[in-house]
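Engineer: Residue numbers (my numbering): 345 to 517. All C-beta atoms in this analysis are idealised placements derived from N, C-alpha and C, irrespective of residue type, glycine included. The structure's right below; bear with me while I get my questions together.
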């Protein structure tokens, strides 16, 4: 972890010196993802916000959407579901406005996992089904699998083990 962190920080400094804003935003996003995975949510949120600010200035909607989803993920982890949903809705709005089905699918997955993390499995299922439908329509096997995993976990939370097993089997094949 520490080596990755040092590498990314050095990369960020180099990109800033190059005056390459899109690359700076990408490194900020990579740092944010790393901190999010290591559960350092304050740092993750800060770097997602830095990335988002640059991407908004560049008017790069897909990147903005991914930054919104990253922010939502970190914020949901600290228990602020309401704020996380606001960011998810911004990402979904960008996906719809620019007809980006991948971003819409990622948005529904993010919403589903946020609701699941915050004890709302019924809403997780709604978003999981929407994500799965979009992923199927666009032949996105990885996103289909993630939707199946979300649905499996949500049904398990509800105690519907038959549905949970069915979705888990679909996820694992």
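For residue 448, which residues from the same chain have a beta carbon less than 8 Å from its beta carbon, with the 5 sequence-adjacent residues on both sides left out?
Structural biologist: In the chain shown, the residue the question calls residue 448 occupies position 104. Closer than 8 Å at the Cβ level, and outside the excluded window around residue 448, lie 436, 439, 440 and 478.
Engineer: If you check the beta carbons only, do residue 355 and residue 371 fall under 7 Å apart?
Structural biologist: In the chain shown, residue 355 corresponds to position 11, counting from 1. In the chain shown, residue 371 corresponds to position 27, counting from 1. Yes, the Cβ-Cβ distance between residue 355 and residue 371 is below 7 Å.
Engineer: Considering only C-alpha positions, which residue in the set 353, 395 and 491 is nearest to residue 472?
Structural biologist: To locate residue 472, count along the chain shown from 1; it is residue 128. It is 491.
Engineer: So, using beta-carbon positions, are residue 469 and residue 498 closer together than 7 Å?
Structural biologist: Against the chain shown, residue 469 aligns to sequence position 125. Against the chain shown, residue 498 aligns to sequence position 154. It is a contact, given that the beta carbons lie within the stated cut-off.
Engineer: Restricting to runs no shorter than 3 residues, where is the beta strand (DSSP E) found entirely within the stretch 345-385?
Structural biologist: The stretch 345-385 contains no whole beta strand (DSSP E) run of 3 or more residues.
Engineer: Alpha carbons only, please: which of 347, 422, 408 and 401 is nearest the one belonging to residue 378?
Structural biologist: Indexing the chain shown from 1 puts residue 378 at position 34. Ranking the options by Cα distance to residue 378, first place goes to 347.
Engineer: When you compare only the Cα positions, how much space is there between residue 412 and residue 434?
Structural biologist: Within the chain shown, the letter at position 68 stands for residue 412. Within the chain shown, the letter at position 90 stands for residue 434. Rounded to whole angstroms, residue 412 to residue 434 spans 7 Å at the Cα level.
Engineer: Just to confirm, is the Cβ distance from residue 493 to residue 462 under 7 Å?
Structural biologist: Within the chain shown, the letter at position 149 stands for residue 493. Within the chain shown, the letter at position 118 stands for residue 462. No, they are not a contact pair.
Engineer: Excluding the five sequence neighbours on either side, which residues of its own chain have a C-beta within less than 6 Å of the C-beta of residue 487, listed in chain order?
Structural biologist: Position 143 of the chain shown, counted from the start, is the residue given in the question as residue 487. Closer than 6 Å at Cβ, skipping near neighbours: 449 and 479.
Engineer: Measure the alpha-carbon distance for residue 460 versus residue 358 and round it to whole angstroms.
Structural biologist: Against the chain shown, residue 460 aligns to sequence position 116. Against the chain shown, residue 358 aligns to sequence position 14. The alpha-carbon atoms of residue 460 and residue 358 are separated by roughly 39 Å.
Engineer: Looking only at its own chain, which residues have a Cβ that is under 7 Å from the Cβ of residue 387, when we skip the five neighbours before and after it?
Structural biologist: As a working note, residue 387 is residue 43 in the chain shown. Within the same chain, residue 387 has close Cβ partners 379.
Engineer: Give the single residue among 351, 501 and 481 whose Cα lies nearest to the Cα of residue 444.
Structural biologist: Along the chain shown, one-based indexing puts residue 444 at 100. For residue 444, the nearest C-alpha among the options comes from 481.
Engineer: What's the call for residue 452, buried or exposed, on a 16-neighbour Cβ count within 10 Å?
Structural biologist: By 1-based counting over the chain shown, the position of residue 452 is 108. Looking at its Cβ environment, which holds 16 or more other Cβ atoms inside 10 Å, residue 452 is buried.
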